[in-house]
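Below: the structure, in structure tokens.
Number of protein chains: 2
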Amino acid sequence: MTTEQTERGARARTRQAVLDAAASVWARDFSASLSAIAERAEVSRSTLHRYFTDRQALVDALLLDSLARLETLDDGASAPASAMDTLEQYLRAGVAMGDRVIFLFSDPNRFDGNPHWSAEDGDDEMRALMDSARTEGSIAPGIPTSWAVSLYYAVLYTAAEVSNQDLPRHLAADLAVQSFRRSVAP
Amino acid sequence: MTTEQTERGARARTRQAVLDAAASVWARDFSASLSAIAERAEVSRSTLHRYFTDRQALVDALLLDSLARLETLDDGASAPASAMDTLEQYLRAGVAMGDRVIFLFSDPNRFDGNPHWSAEDGDDEMRALMDSARTEGSIAPGIPTSWAVSLYYAVLYTAAEVSNQDLPRHLAADLAVQSFRRSVAP
DNA sequence: CCATCCTGCGACACCACTGTCGCATTTAGC
DNA sequence: GCTAAATGCGACAGTGGTGTCGCAGGATGG
């Protein structure tokens, strides 16, 4: 249990496998047991507990890891021309994350008391983006910001969900972008 | 435990209270315990078990009750002029149901093996409606039916969710209708 | 080749939820 | 007022998930 430094080799691989398994399983059923996750990760329950002492630790780690991926993904994007373009880039990045996004957003108040989940931060940034998009003329005045935000997450979540089953990922992303833009357009 | 006839008086009232409590609690957290529901319904856990022998029985009853309400609501609507109007009426009826809709649709595969949940039926009817709407010219050819269906449920769910917190119910319904129509319009 | 790391296995106590009782108390209908 | 229905309370055993051990086998790297 090193304090914080990034693990290497086998340790890092196992850790990732468990995180991936947790995302995949919990995306569909957050009440799934740790045994189910261990099984999916193809490790024993003991090993899982060696990496994450208790359920909460795994939840936190997955939350952190997923948020970090979100950051990484939209850092790699080119400088956006407008607020709406920024929203589009976030959306595409999110859809590409698949299970992680479903885990993050399937239950809006799943992480309510969690110190790593600054709902205010993300929400404030999101509302600010929406307001910018509104002054740019990409969002109609009649659309309440809270609706635009909720719809945005719903579309993101839906695209991630659909791209696990019916549609190829890029198409789902395109549809999500198109749906959101047209929904809120003046 | 009468076979099926509708209960009256006190029995009917208590039964409804439990169903309402279950919808309200499970809409937010389906893993919530029966104690939590009994508490919300202001009955003892014993009483709850007198009406619904086990957890599954309560789930089934709530599922049935919620589906029945859906039927009732859109039976009361006037004859729609078009497939898209029908979709709109369903949408408004759904939003009006609040917690029941959230319970029904928050997890797409919650009722997978349930005999009362004919996912095929509802899904087939929905897809048929979408196809009609498409031939009517309300849905662009480029929109896959599966996306239209997913988006429809997402918008319904989101409006029900939002009308529990930020926006008045009728406004949420209006926004949901508007968002869906514009998203899929040619 | 040896020491160390990583892992699996099985056992254990613990706890929350569940479903079932019996009995006492309150409520409602006649 | 009396009877029957409806409810609350507390106890109970059963169950499944959780977190912790110790030990043994296998992989890894010097």
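These protein sequence lines are chains S and V, in that order.
Residue 56 in our numbering is what sits at position 56 of the first sequence, and the numbering runs on without skipping anything.
Residue 34 in our numbering is what sits at position 34 of the second sequence, and the numbering runs on without skipping anything.
Note that beta-carbon positions come from the ideal geometry of N, C-alpha and C, so glycine has one too.
Quantities reported herein were computed from a predicted structural model and do not represent experimental measurements.
Can you pull the chain S residues whose beta carbon is under 7 Å from the beta carbon of V:ASP166, in chain order? SER146, listed in chain order.
Counting only beta-carbon separations shorter than 8 Å, does V:ALA154 have a partner in chain S? Judged by the 8 Å Cβ criterion, V:ALA154 is in contact with chain S.
Length of the line joining the Cα atoms of S:LEU64 and S:HIS116: As the crow flies, the alpha-carbon of S:LEU64 is around 7 Å from that of S:HIS116.
Tell me where the alpha helix (DSSP H) around S:ILE102 begins and ends. Counting along the chain, the unbroken alpha helix (DSSP H) around S:ILE102 starts and ends at 99-105.
Taking the alpha helix (DSSP H) that S:ILE37 belongs to, which residues open and close that run? Where S:ILE37 is concerned, the enclosing alpha helix (DSSP H) stretches over 34-41.
Candidates V:ALA148, V:GLY142 and V:ALA119: which alpha carbon is nearest V:MET130's? Ranking V:ALA148, V:GLY142 and V:ALA119 by Cα distance to V:MET130 puts V:ALA148 first.
Show which residues of chain V have a CB atom less than 8 Å away from the CB atom of S:ARG182. Those are ARG182, SER183 and ALA185, listed as they occur along chain V.
Span separating the alpha-carbon of S:LEU23 from that of S:LEU73: Looking at the sequence itself, residue 23 of chain S is Ala, so the reference to Leu does not match. Roughly 17 Å between the two C-alpha positions.
Taking only runs of the alpha helix (DSSP H) that begin and end inside the region 85-170 of chain S, which ones reach a length of at least 4 residues, in chain order? Complete alpha helix (DSSP H) runs here, min 4: 99-105, 119-136 and 145-162.
Count the other CB atoms, across all protein chains shown, that sit within 10 Å of the CB of S:GLY142; report buried if there are 16 or more and exposed otherwise. The residue is exposed, with fewer than 16 neighbouring Cβ atoms inside 10 Å.
Tell me whether the beta-carbon of V:LEU87 lies closer than 8 Å to the beta-carbon of V:TYR152. A contact, by the Cβ cut-off of 8 Å.
Neighbour flag for S:GLU161 against chain V, beta carbons, 8 Å: Chain V contact via Cβ: present.
Please state whether the Cβ-Cβ distance between V:ALA41 and V:ALA17 is less than 8 Å. Their beta carbons are under 8 Å apart, which means V:ALA41 touches V:ALA17 by this criterion.
Between S:ARG181, S:SER179, S:ALA159 and S:ARG45, which lies nearest to S:ALA172 when the distance is taken from Cα to Cα? Minimum Cα distance to S:ALA172 is reached at S:ALA159.
Neighbour flag for S:SER24 against chain V, beta carbons, 8 Å: No, S:SER24 lies away from the interface with chain V (no Cβ there is under 8 Å from its Cβ).
Can you give me the C-alpha to C-alpha distance between S:MET126 and V:SER44, rounded to a whole angstrom? Going from the Cα of S:MET126 to the Cα of V:SER44 covers about 43 Å.
Regarding V:THR158 and the ligand PLP, is the C-beta to nearest heavy atom distance less than 7 Å? Annotation note on the ligand PLP: not contained in the displayed structure, which lists no ligands.
Taking the beta carbon of S:SER179 as the centre, do at least 16 other beta carbons fall within 10 Å, making it buried, or is it exposed? Under a 10 Å Cβ-count criterion, S:SER179 is classified as buried, with 16 or more other Cβ atoms of the shown protein chains found around its own Cβ.
Taking only beta-carbon positions, decide if S:GLU4 is within less than 8 Å of chain V. The predicted model places S:GLU4 with a pLDDT of 36, which falls under 50 and marks its position as unreliable; any figure quoted below should be read in that light. No, S:GLU4 lies away from the interface with chain V (no Cβ there is under 8 Å from its Cβ).
Please classify V:ARG92 as buried or exposed, where buried requires at least 16 other C-beta atoms within 10 Å of its C-beta. With 16 or more Cβ atoms within 10 Å of its Cβ, V:ARG92 is classed as buried.
Could you check which residue in V:SER183, V:ARG134, V:ILE102 and V:SER150 has the C-alpha nearest to that of V:LEU62? Here the closest residue by C-alpha is V:ILE102.
Work out the CA separation of V:ALA68 and V:SER118 for me, nearest whole Å. Straight-line Cα distance between these residues: approximately 13 Å.
From the DSSP output, in three-state form, read off S:ALA27 for me. Note: S:ALA27 maps to helix in three-state DSSP.
How about S:MET196 and S:LEU70: do their beta carbons lie closer than 8 Å? Because chain S in this structure spans residues 1 to 186, residue 196 of chain S falls outside the shown range and cannot be described.
Compare the C-beta of S:LEU104 against all C-beta atoms of chain V and say whether one is closer than 8 Å. Look at S:LEU104: its C-beta is not under 8 Å from any C-beta on chain V.
In whole angstroms, give me the CA-to-CA distance for V:ASP85 and S:ALA21. Approximately 43 Å, taken between the alpha carbons.
Is S:GLU136 buried or exposed, if buried means 16 or more other CB atoms sit within 10 Å of its CB? Classification for S:GLU136: exposed.
Return the Cβ separation of V:SER274 and S:VAL177 in integer angstroms, given the expectation that the two are a contact with Cβ distance under 8 Å. Beyond the ends of chain V as shown, which are 1 and 186, falls residue 274 of chain V; an answer cannot be given.
Any chain S beta carbon closer than 8 Å to V:LEU63: Not one beta carbon of chain S lies nearer than 8 Å to the beta carbon of V:LEU63.
Compare the C-alpha of V:THR53 against each of V:GLY122, V:LEU34 and V:ILE139 and name the closest. For the residues V:GLY122, V:LEU34 and V:ILE139, the minimum Cα distance to V:THR53 belongs to V:LEU34.
Answer with buried or exposed for S:ASP112, where buried requires no fewer than 16 other C-beta atoms within 10 angstroms of its C-beta. It counts as exposed.
Put V:THR221 into one of helix, strand or coil per three-state DSSP. Outside the shown range of chain V (1 to 186) lies residue 221 of chain V, about which nothing can therefore be said.
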